[in-house]
Each structure stands twice: as C-alpha cells, then as structure tokens.
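Input: a single structure, listed below in structure tokens.
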Amino acid sequence: MKLEINRIHSYYGKSHVLEGVSLEVNPGELVTLLGRNGAGKTTTLRSIAGIVRPAEGSIVFDGEELIGKEVFEIARRGVSLVPEHRGIFGLLSVEENLAIAVRASSRWSLSDVYEMFPRLYERRKNGGNALSGGEQQMLAIARALVNDPKLLLLDEPTEGLAPVIVDEIVRILGKIREAGVSVLLVEQNLAVCEKLADRHYVIEQGQVVYSGTGEQFRQEQAVKDRYLAV
Amino acid sequence: MSLYLFQALNGIGLGMIYFLISVGLTIIFGLLNFVNFAHGAYYLLGSYLCFTLVSLTGNFWLALVVAPVAVAMLAWVTEKTLIRRAYHLPHTFHILITLGIALIIQELSIAVWGPIGKTVAVPEALSGVFRMGDFFYPKYRLFVILFTAVIAVGLWLLLERTRFGALVRAGSEDAETVSLLGTHIHKLFALTFALGVGLAGLAGVLAAPIRGVHPFIGPEVLGLAFVVVVIGGMGSFSGALVGGLLVGLVQSMMTTIWPQGASLMIYGAMAVVILLRPYGLFGRA
Ligand SMILES: Nc1ncnc2c1ncn2[C@@H]1O[C@H](COP(=O)(O)OP(=O)(O)OP(=O)(O)O)[C@@H](O)[C@H]1O
Ligand SMILES: [Mg+2]
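Chains as they are written, first to last, in the UniProt record's numbering: chain U, 1 to 230; chain V, 1 to 285.
If you want it as structure tokens, here you go:
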C-alpha cells in the first residue's frame, strides 16, 4: 500500500515547522528520512500518524486521505508509529503491553513476536519500567507488529542503544521488510540506513532537500557533508 | 468490647461506601485527567432514584441494579455532550463545568423530590439483626460490607485482568500512545467516565437505607471522596480502598470516643499524609 505525502505544512502553534514536505513510500519499500536535529523528521511522522494535523497539503495512504482523521482511525488503517520515546507503558507488564495491541488480522501473533524477540518472552511478566532501553525498543517494535501494520513509521529506533542491540534491530527490520510491510525510517545512524534502505530523503528546515536511491546516496558525499554532518 | 466491634463494622461498611465513591473519582482522574466535582451529585441522584424505585415497586433489588445503571447512562450522555469538550482545558474549567452540573442535579432533585430528606426502608429480607452469641449486627449493614467487597474484587479483576482494564491503566500513563495502537480513545474515556460515576450512583443506592436521602449531601460526599483520594493517592485503586476504609473507620470510631472531633481527625489524617507522602499512601509522582 502506497503512502503519498503532498506538500504538507505543519505548525506547532505559530511556529511553521514543515514547509511543504512531499515524499512517498511505495508498497514494500523501506525508505529513510534523514536530517539534522530539529529538521522536522519527527513532525513528519507525527503528521502522518495524525498527532499533528497539517494545515495544508495531503497525505494519501492506500488511496485514502488521512488528514482530518483521528489518530486511532489512522492506526486502524495499518499506519503504525513507533515513537522516539517508545511509548512503553511502565506499569503494564511486557505481555500486557503487547496484549492491548494485538489484532487478529495481523500476520504476527503474540507467539510470533516472542519467537522474534526471545528476550521479551523471558521478561513477559516484568513491568515495562523494568526493561532496558534496548528491550523497550524491541517491545515497541513487537507491539507495532502485533497491531497489524501495513506501513511502519519508526522514529530513531537505534538511538542510544549498544551496537549488539543495533545489529539485532537491523536484523528485525530486514525481516519486517521481507514480510512486505512498508517502512518509513527516521534514523541518525547512516550505516544502518545504507544497509537497509531502498531510497532516502533528506529534510532540512521543514523541506525535502534531497531524494535518491540507496545506490545514488552512497556516492553523495556532498549531500551527507552538507545536510547530515554534525 | 462488642461496642468497638460494632463500630468497627460500621466503619468498614461506611469505608466501603467511601471506597465506591472515591474509586470512581480516582479512575476518572487517572485516565481522563479530569476533575469531577459532580461526583457527589451523581451519588445523590443514585440515592433519589433508589428512593423512587423502592417507593414505586417496593423492590430494593431492582433499585440496586437499575439506579446505578441509569446514573451511569446519564454520565455517559454528559460525557458525550459536554465533558469531552473540556478535557483539553485546564483543571479550573473542569471544576467550573462539573460544579455547574452538580448544582443542576441538586436543584432539579429539590424540584422533583422536595427540599426535605427522604428515608428508604431496608429491604424485607435484610431487616432485623444478625446474631452470633451475644453479638448483634444489622443484617443490611452486613450485606453492604459483603456486597461492596464483591464489587471491589470484581472491579479489581476488571482493571487488572481484562483488556479493558489494561487499556484504562495504559491510558492513565499515556493516552496518546493508546490511540496510536488503534484504540477508540473517546469510547474508552466515555465508558470509564460512566463506570466511575455509576459506582458513585451505586454507593448512593447502598447508603440510602442507612443514611436516608438529603438534597444537600452531594458536597459533603464529594469532600469526603477527595479526602480519601488525597490520602490514598490519585489514580490508585488500592489507595481508594485503604483510604476509604481508613476514613470510614476513623469516622465511626470517633462517634464513640469524641463525636465532635470526627471531621477534625479525618482532615488531620489527610494533613499528616500530605506532609509525609505528598502523593498519598499509594500515589506516584
Ligand atoms: N511540541 C513542540 N512545540 C513546539 N515546537 C516544537 C515541538 N516539537 C518540535 N518542535 C520544533 O519543531 C522543529 C522540528 O522538530 P522535530 O522534532 O520534527 O525535529 P527532528 O527532525 O525530529 O529532530 P531530532 O533529530 O532532534 O529528533 C524543531 O525546531 C523543534 O524545536
Ligand atoms: Mg525527532
């Protein structure tokens, strides 16, 4: 299912954060959205998920306009946001965190995600508060998977995680993509992005300033220096 | 000795009624982050509906089922039409709006049922006393203790063991993430509001045969519920239970020891809790 974002403008109060962002994710594609801190990556994902309502433009998913729909309505159409803060319920057990998201229509059941993340199975009785950062990230991804995603929006899933865990997450993302779920990935770790992505977008001050395929992007040292170097 | 046992049982019964009122208030606050000053008025309505149903049918058991459900349905409608529009506003607006609702309910009650209090007879099957050796205790009050205990267990199971309960708890932490998982958050809020208020209505029914019905009881009930919630901790089921029992026991023990000091002791206990544990006995920051 295809996502087409056409010239959206999003605001926080009076501050104009997205200034006409356009991008698309084709069925089964893994696309990254790159850019410096404050460029508008999170806001783009939040606009798709309906948390922020763009004042202009359109967001069409599977032939249907998403702007104006409620957050839960968008989620029910298979657009699944894994937020930067991960949104784990600390007072619920791991199992409850998953159970409230389970939908029968999903190709991933509870036991499927436990198989993918054995660590979560071991900790299923533990409270969300008791998990490490890596475990929380795994739980957030697992929870999105049982929620029947058609398009997964991931906001910096490897941020602050140890290299072993990052590898683990890269492996899982590979599997998700093999299953045919489209992914829009916001990520600072360029190595991870280049390993996984079909295409890349770079956003700067609320505008898309570059787009290219994985292969093209590898050669674009100038783009990386200009927009992504810290 | 048996006087103290008698008062202790009274305190537990009273405390369980306070628990029913406060647990609704605290669940609503926890999930919806909404301050419901109409809670006492819904309790009042539960009492009056009980009075009317018992007068019309003579059947207390019918009132026990119908009145709380009717109060919950009214709450559901109020949530749909009015209250949901106020969630995004500061708490002062919640207070203004629900205080308005409380006054409307109170004044309408006076218009319908008159300014003088009413009494509700104890149901036939539970009139008289339960006797064990030389100990006597009113059957109805014993029933209230057992019945509210069953309700408390049922409510605990609902909150801790069902998907609905998990969603309520999850939503109390982070409602946005709950809706990101595709949960119809407005429905969840409306149901929770109706449930919480329905429990206040149930408390009103149960208390009616003991304390009668009086049109100005709402604010007193609301005040006590807030004391319980402050002592137990906002948003906490266990807090409402322990806080409710504590307030009930203190109130009832004080009636034998020093009746005039009952309120003083309760507010004193609240002050001590606030000083030692600002978030209440079971509260979290
Ligand atoms: N809730 C908010 N209220 C007001 N301004 C905000 C809010 N959230 C973000 N902004 C501003 O919007 C701009 C874009 O923020 P956004 O979070 O989308 O950036 P980002 O690309 O995700 O950055 P990062 O890499 O730091 O996560 C920034 O200037 C930020 O300060
Ligand atoms: Mg961000």
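Glycine included, each C-beta is placed from N, C-alpha and C at the ideal position. If you're wondering where the values come from, they're calculated on a predicted model, not measured in any experiment.
{"Asked": "Ligand 2 and U:D155: does the residue's C-beta get closer than 7 angstroms to at least one heavy atom of that ligand?", "Found": "yes"}
{"Asked": "State buried or exposed for V:P278, treating a residue as buried only when at least 16 other CB atoms are found within 10 Å of its CB.", "Found": "exposed"}
{"Asked": "Cα separation between V:P219 and V:G40?", "Found": "6 angstroms"}
{"Asked": "Using 8 angstroms as the threshold, is the C-beta distance between U:H9 and U:A55 below it?", "Found": "yes"}
{"Asked": "Judging by CA-CA distance, which residue of V:K118, V:F193, V:F226 and V:T256 is the nearest neighbour of V:I28?", "Found": "V:F193"}
{"Asked": "Counting only runs of 3+ residues fully inside the segment 71-155 of chain V, write out the beta strand (DSSP E) ranges in chain order.", "Found": "129-132 and 135-138"}
{"Asked": "Given this structure, state the Cα-to-Cα distance separating U:L154 from U:E84, to the nearest angstrom.", "Found": "8 angstroms"}
{"Asked": "On the three-state DSSP scale, how would you describe V:I12?", "Found": "helix"}
{"Asked": "What did DSSP end up calling V:R211 once you bin it into helix, strand or coil?", "Found": "helix"}
{"Asked": "Is V:K80 near ligand 2, with its Cβ less than 7 angstroms from a heavy atom?", "Found": "no"}
{"Asked": "In angstroms with no decimal places, state the Cα-to-Cα distance between U:R123 and U:A130.", "Found": "9 angstroms"}
{"Asked": "Rounded to whole angstroms, what's the CA-CA distance from U:I59 to U:V82? Just pull it up for me.", "Found": "19 angstroms"}
{"Asked": "Check whether the Cβ atoms of U:G212 and U:A197 lie closer than 8 angstroms to each other.", "Found": "no"}
{"Asked": "What are the uninterrupted segments assigned as alpha helix (DSSP H) that are 4 or more residues long and contained completely in the segment 183-242 of chain V, given in chain order?", "Found": "185-211 and 217-232"}
{"Asked": "Taking Cβ-Cβ distances below 7 angstroms as the criterion, which residues of the segment 161-190 of chain V are in contact with chain U?", "Found": "R163, A166, L167, R169, A170, E173, D174, E176, T177, S179, L180, L181, G182, T183, H184 and I185"}
{"Asked": "Taking just the CA atoms, how far does V:V129 sit from V:L14?", "Found": "18 angstroms"}
{"Asked": "Closer than 8 angstroms, CB to CB, is U:A142 near chain V or not?", "Found": "no"}
{"Asked": "What are the residues of the segment 132-158 of chain U that lie near chain V, defined by any Cβ-Cβ distance shorter than 9 angstroms?", "Found": "R143, A144, N147 and D148"}
{"Asked": "Considering only the beta carbon of each residue, do V:C50 and V:G204 sit closer than 8 angstroms?", "Found": "yes"}
{"Asked": "Report the CB separation of V:A269 from V:L241 in whole angstroms; it is logged as a contact under 8 angstroms.", "Found": "So it is not a contact: roughly 16 angstroms between Cβ atoms."}
{"Asked": "Can you name, in chain order, every residue of its own chain whose Cβ lies under 7 angstroms from the Cβ of V:S252, other than the five neighbours on each side?", "Found": "Q7, N10, G11 and L14"}
{"Asked": "Leaving out the 5 sequence neighbours to the left and right, which residues in its chain are closer than 6 angstroms to V:H91 when beta-carbon positions are compared?", "Found": "V35"}
{"Asked": "Give the straight-line distance between the Cα atoms of V:G182 and U:P163, rounded to the nearest whole angstrom.", "Found": "32 angstroms"}
{"Asked": "Using C-beta distances below 8 angstroms, list every residue in its chain close to U:G87, excluding the 5 sequence neighbours before and after it, in chain order.", "Found": "A140"}
{"Asked": "Check whether the Cβ atoms of U:A142 and U:F117 lie closer than 8 angstroms to each other.", "Found": "yes"}
{"Asked": "Name, please, each residue of chain V whose Cβ falls closer than 8 angstroms to the Cβ of U:C81.", "Found": "Rather than Cys, the amino acid found at residue 81 of chain U in this sequence is Leu. In chain order: L180."}
{"Asked": "Helix, strand or coil: which one does DSSP assign to U:F61?", "Found": "strand"}
{"Asked": "Against chain V, does U:L98 count as a neighbour if the rule is that its beta carbon must be under 8 angstroms from one of theirs?", "Found": "no"}
{"Asked": "Strictly below 7 angstroms CB to CB, what residues from chain V border U:I51?", "Found": "E176"}
{"Asked": "Would you list the residues whose beta-carbon is nearer than 6 angstroms to any heavy atom of ligand 4, in the order they occur in the chain?", "Found": "Looking for ligand 4 in the displayed structure turns up nothing; the ligands present are ligand 1 and ligand 2."}
{"Asked": "Take V:M234 and list the residues in its own chain whose beta-carbon comes closer than 8 angstroms to its own, dropping the five residues that flank it on each side.", "Found": "T26, F29, G30, Y279, G280 and G283"}
{"Asked": "Got a sec: is the Cβ-Cβ distance from U:R199 to anything in chain V below 8 angstroms?", "Found": "no"}
{"Asked": "Of all the CB atoms in chain V, is at least one closer than 8 angstroms to the CB of U:A104?", "Found": "no"}
{"Asked": "Spell out the partners DSSP gives U:N129 in its beta bridges.", "Found": "Note: U:N129 sits in no beta bridge, so no partner."}
{"Asked": "Tell me, please, whether the segment 72-82 of chain U touches the segment 171-180 of chain V by the rule of three or more beta-carbon pairs shorter than 8 angstroms.", "Found": "yes"}
{"Asked": "With H, G and I counted as helix, E and B as strand and the rest as coil, what does DSSP make of U:I67?", "Found": "coil"}
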